[in-house]
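First comes the structure, then the notes that go with it.
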Amino acid sequence: MQLFSGLHVKNLRGDIYGGLVAAVVALPLALAFGVASGAGAIAGLYGAIFVGFFAALFGGTPAQVSGPTGPMTVVMAGIIAQFGQEPALAFTAVILGGGLQILLGASGIGRYITLVPYPVISGFMSGIGCIIIILQLGPLVGHAAKQEGVLATLKALPDFFADPVPDAVIAGLLALGIVYLTPERIGKLVPPPLLALLVGAPIAGLFLPIAPVIGTIPQGFPVPIVPTLHLDAITLVIEEAVVLALLGSIDSLLTSLVCDNMTRTQHDSNRELIGQGLGNMVSGLFGGLPGAGATMRSVVNIRSGGRTPISGALHALVLLAILVGVGPLAERIPLAVLGAILLKVGVDIIDWRFLRHIFQAPRADVLIMGIVLLTTVLVDLITAVGVGMVLASLFFVKRMADLELANLKVITAHTEETPLSEEEAAILGRNQGRIILVHIDGPMGFGSAKDMVRRLESVRQFASFKCVVLDLSGVPVIDGTAALAVEDMLRMVQAHGQHLFFVGMQPAVTEVLEGLGVLKLVRPGHHYPRRLDALRHAARVSDSVHPEDAPSKTEQPKYLFVQESKSDAYEAQALVLRCFDERFWQTTREFITFMGVFRFDPVTVAGGAKVFASPEKEQDFDFIMREVEKSIRLHKTKRCLLFTHHDCGAYGGFERFNNNAEEEFRFHREEHQKIQKNILARFPDIKVETFFIDLTGVIKTS
Numbered sequence: 025m026q027l028f029s030g031l032h033v034k035n036l037r038g039d040i041y042g043g044l045v046a047a048v049v050a051l052p053l054a055l056a057f058g059v060a061s062g063a064g065a066i067a068g069l070y071g072a073i074f075v076g077f078f079a080a081l082f083g084g085t086p087a088q089v090s091g092p093t094g095p096m097t098v099v100m101a102g103i104i105a106q107f108g109q110e111p112a113l114a115f116t117a118v119i120l121g122g123g124l125q126i127l128l129g130a131s132g133i134g135r136y137i138t139l140v141p142y143p144v145i146s147g148f149m150s151g152i153g154c155i156i157i158i159l160q161l162g163p164l165v166g167h168a169a170k171q172e173g174v175l176a177t178l179k180a181l182p183d184f185f186a187d188p189v190p191d192a193v194i195a196g197l198l199a200l201g202i203v204y205l206t207p208e209r210i211g212k213l214v215p216p217p218l219l220a221l222l223v224g225a226p227i228a229g230l231f232l233p234i235a236p237v238i239g240t241i242p243q244g245f246p247v248p249i250v251p252t253l254h255l256d257a258i259t260l261v262i263e264e265a266v267v268l269a270l271l272g273s274i275d276s277l278l279t280s281l282v283c284d285n286m287t288r289t290q291h292d293s294n295r296e297l298i299g300q301g302l303g304n305m306v307s308g309l310f311g312g313l314p315g316a317g318a319t320m321r322s323v324v325n326i327r328s329g330g331r332t333p334i335s336g337a338l339h340a341l342v343l344l345a346i347l348v349g350v351g352p353l354a355e356r357i358p359l360a361v362l363g364a365i366l367l368k369v370g371v372d373i374i375d376w377r378f379l380r381h382i383f384q385a386p387r388a389d390v391l392i393m394g395i396v397l398l399t400t401v402l403v404d405l406i407t408a409v410g411v412g413m414v415l416a417s418l419f420f421v422k423r424m425a426d427l428e429l430a431n432l433k434v435i436t437a438h439t440e441e442t443p444l445s446e447e448e449a450a451i452l453g454r455n456q457g458r459i460i461l462v463h464i465d466g467p468m469g470f471g472s473a474k475d476m477v478r479r480l481e482s483v484r485q486f487a488s489f490k491c492v493v494l495d496l497s498g499v500p501v502i503d504g505t506a507a508l509a510v511e512d513m514l515r516m517v518q519a520h521g522q523h524l525f526f527v528g529m530q531p532a533v534t535e536v537l538e539g540l541g542v543l544k545l546v547r548p549g550h551h552y553p554r555r556l557d558a559l560r561h562a563a564r565v566s567d568s569v570h571p572e573d574a575p576s577k578t579e580q581p582k583y584l585f586v587q588e589s590k591s592d593a594y595e596a597q598a599l600v601l602r603c604f605d606e607r608f609w610q611t612t613r614e615f616i617t618f619m620g621v622f623r624f625d626p627v628t629v630a631g632g633a634k635v636f637a638s639p640e641k642e643q644d645f646d647f648i649m650r651e652v653e654k655s656i657r658l659h660k661t662k663r664c665l666l667f668t669h670h671d672c673g674a675y676g677g678f679e680r681f682n683n684n685a686e687e688e689f690r691f692h693r694e695e696h697q698k699i700q701k702n703i704l705a706r707f708p709d710i711k712v713e714t715f716f717i718d719l720t721g722v723i724k725t726s
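First residue of the sequence shown? That's 25 in our numbering, and the numbers climb one at a time after it.
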């Protein structure tokens with residue numbers, strides 16, 4: 025492995041220009057992040073210099089520029105506030121955090137860091153943006169930022185706004201105007217944050233003398249800080265180090281992905297963490313802020329021609345030269361100007377792309393994002409990420425369980441939706457009521473395990489079937505919980521005196537079932553590689569006549585057809601109202617099964633649920649309302665599933681909406697609102713759910 029990844033001089037001119045431009049962009053941000061952290065502007069510069077230099081040379085993303093970032097600054101502000109009496113402890117946490125990043129990279133965990141779900145990342149990044157905005161409201165009106173954190177700042181805002189410092193307000197508004205209103209052609213020459221410093225600082229110095237400024241900045245090369253750690257604080261320091269390590273790793277690797285897309289290269293995640301960790305350790309040792317890969321600085325570097333670690337290292341050296349040469353000038357920069365710059369940073373960090381699509385995004389993702397955002401702002405980052413990961417995992421398991429159940433088919437007779445060969449269909453047709461085929465396609469996990477058994481038990485007169493054929497040929501993997509559910513199914517079948525045949529288990533499935541002892545319960549000769557062979561055996565078993573099955577001497581009626589489901593008592597899970605257009609019936613039936621509804625009262629009428637909103641005749645409305653009343657009274661129905669569909673002739677077809685799908689959907693959604701109102705007015709205790717079916721699938725509208 026090379027000591028310096030991607031280091032060469034073939035692109036020297038581009039790297040020099042990229043490094044210079046990145047340094048110009050980094051300077052005002054470093055000063056602002058330093059002040060915002062509570063460690064002082066100099067700490068921001070030290071962080072930009074040391075993290076930027078070592079992460080560039082030893083990292084795994086050649087064109088990436090590193091330094092203090094908004095997320096890392098927010099965490100560091102909390103650490104500084106917590107260890108305000110012993111600053112050395114705060115920087116010890118930075119050093120330990122860097123060490124943990126090196127361990128993560130060396131152990132090969134780097135490639136897993138970015139597996140954090142997008143709603144979690146969106147939530148905590150947006151939360152960090154909100155924190156930065158809130159913390160800068162005080163400096164913008166001339167008051168020092170509250171080191172106690174967000175809640176203390178929110179409580180103090182009324183006092184801040186009641187007693188503003190006029191000079192600071194003017195300086196802040198001027199800087200905000202510059203960072204937001206600078207024309208793009210000027211912004212390409214001078215980055216707006218730097219322009220805000222170059223314009224805001226002199227004007228404040230000449231005309232706004234009361235505006236609070238940065239103050240004294242130490243000159244010369246920094247002196248190392250001796251790391252401090254004692255028993256009283258060891259737990260807190262380690263906790264903060266873990267937060268810095270995880271957040272810095274996620275922040276850096278996300279920026280690495282941006283760099284990959286721009287340069288058409290592939291970064292080394294583990295090496296990047298080692299470089300970031302080394303940079304943070306050195307920065308902490310000299311009293312600098314922790315840092316990470318910085319998206320804006322990296323993008324500017326790449327667009328300016330930077331492609332190798334030379335540009336990132338040069339950016340750090342330029343900042344060092346600025347510190348040594350013009351450090352005293354920075355002392356007069358108004359805090360309100362830095363606050364304005366950071367306010368823009370906070371706004372940019374918020375995930376506006378996700379928020380713009382919040383009403384179209386899956387509800388689970390919106391819920392996760394919102395909870396993580398609030399937890400980030402009101403509690404802390406590590407709790408927010410932990411809560412978000414747990415929620416995302418639970419929702420993922422639920423989605424996978426639903427998919428697994430949708431891929432589980434209980435077949436008692438041949439239908440168009442069951443992919444059976446002619447002979448397989450014939451066997452099932454001749455043995456209706458005696459053979460049941462359970463076909464599973466896709467992974468089997470713990471999320472759907474118990475529902476799988478319940479699905480089988482829900483089949484009418486299940487106990488009367490003689491044979492159950494369990495087709496696992498489409499199952500690539502199975503976990504322990506699902507394997508035990510198969511055992512439960514096996515024991516249930518045997519308890520009814522039935523035969524269970526296994527079909528086509530793949531090696532991974534066989535290994536799990538054998539390991540848990542499930543296959544020991546299978547009768548000899550009841551495991552087949554092909555489904556047809558298992559069905560043939562099941563047919564032979566079901567055709568054999570036992571004494572208790574022998575016909576009586578009295579004449580018995582001869583049935584032309586034996587129904588699959590019959591019961592003396594019946595309760596419906598729902599009333600289902602649909603249009604009689606058969607194009608959408610299969611989709612409706614599959615969706616109802618997917619919803620876990622197996623016993624329902626079907627009502628079919630032209631236009632489906634249209635009859636509740638815009639019936640052709642008033643008596644049609646009254647008739648269907650009576651059907652609902654009967655379902656509730658006779659079958660204890662507590663739920664209505666109501667469907668309309670695309671290109672419905674009762675509505676005038678697709679042409680009525682000028683072949684515009686959006687216009688058609690909006691119309692149906694408004695219809696469904698009327699439907700809800702009309703049904704609930706008559707039956708307030710029933711649950712009404714409305715759906716629109718198009719050529720892609722089913723959309724819930726209420």
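Backbone N, C-alpha and C define an ideal beta-carbon position, used for all residues, glycine too.
For Y142 and A416, the rounded distance between their alpha carbons: 10 Å
Separation of A563 from V569, as counted between CA atoms: Because the pLDDT at V569 is just 38, under 50, the model does not fix this residue reliably, and the value given afterwards should be weighed accordingly. Approximately 12 Å between the Cα atoms of the pair.
Assigned exposure category for V342 - 16 Cβ within 10 Å defines buried: buried
CB of G121 within 7 Å of CB of A235, strictly: no
Three or more C-beta pairs below 8 Å linking the region 299-312 and the region 71-80: yes
Local Cβ density within 10 Å of D646, reported as buried at 16 or more and exposed below that: exposed
Continuous beta strand (DSSP E) stretch holding H463: start and end: 459-465
Candidates S726, A65, L366, R613: closest to G153 by CA position: L366
Proximity below 7 Å, CB of A101 to CB of A72: no
Coil, strand or helix - S61 by DSSP: helix
For Y594, the three-state DSSP class (helix, strand or coil): coil
DSSP beta-bridge partners of S307: Answer by DSSP bridge pairing: none, since S307 is not bridged.
Test item: CB-CB of L219 and I238 under 7 Å: no
I157 versus F667, T279, F57, L514, residue with shortest Cα-Cα distance: F57
Three-pair Cβ contact test at 8 Å for the region 128-142 versus the region 284-295: yes
C-beta atoms of A269 and L124 nearer than 7 Å: yes
DSSP state of G214 mapped onto helix, strand, coil: Residue 214 is actually Val in this sequence, not Gly. The answer is coil: DSSP assigns V214 none of H, G, I, E or B.
Option in L232, L175, T332, K212 with minimal Cα separation from G84: T332
Alpha-carbon to alpha-carbon, V421 and M413: 12 Å
Burial state of K641, where buried means 16 or more other Cβ atoms lie within 10 Å: exposed
P92 versus V75: straight-line alpha-carbon distance, rounded: 8 Å
Beta-carbon proximity of V517 to V477, cut-off 7 Å: no
C664, buried or exposed, once every other Cβ within 10 Å from all chains shown has been counted against 16: buried
Residue nearest to A532 in terms of C-alpha spacing, selected from S497, L232, A519: S497
C-beta atoms of A318 and V89 nearer than 7 Å: yes
Within the region 608-673, ranges of the alpha helix (DSSP H) (whole runs, at least 4 residues): 609-618, 634-637, 642-659
Member of I710, N684, F715, K662 whose CA lies at the smallest distance from the CA of K728: An answer regarding residue 728 cannot be provided, because it is not within the stretch 25 to 726 covered by the chain.
Pair within 7 Å by beta-carbon distance, F667 and G620: no
Coarse secondary structure for S472, derived from DSSP in three states: coil
Proximity of A105 and Q171 at Cβ, strictly below 7 Å: yes
Alpha helix (DSSP H) runs contained entirely in the region 31-119, provided each spans 4 or more residues: 36-61, 65-82, 94-106
Option in A425, A67, P443 with minimal Cα separation from G466: A425
I459, buried or exposed, once every other Cβ within 10 Å from all chains shown has been counted against 16: buried
Proximity test, Cβ basis, 7 Å: E640 and chain B: Of the protein chains in the structure, only one exists, and it is not chain B.
CB of F148 within 7 Å of CB of A473, strictly: no
Candidates N455, V323, A674: closest to R560 by CA position: N455
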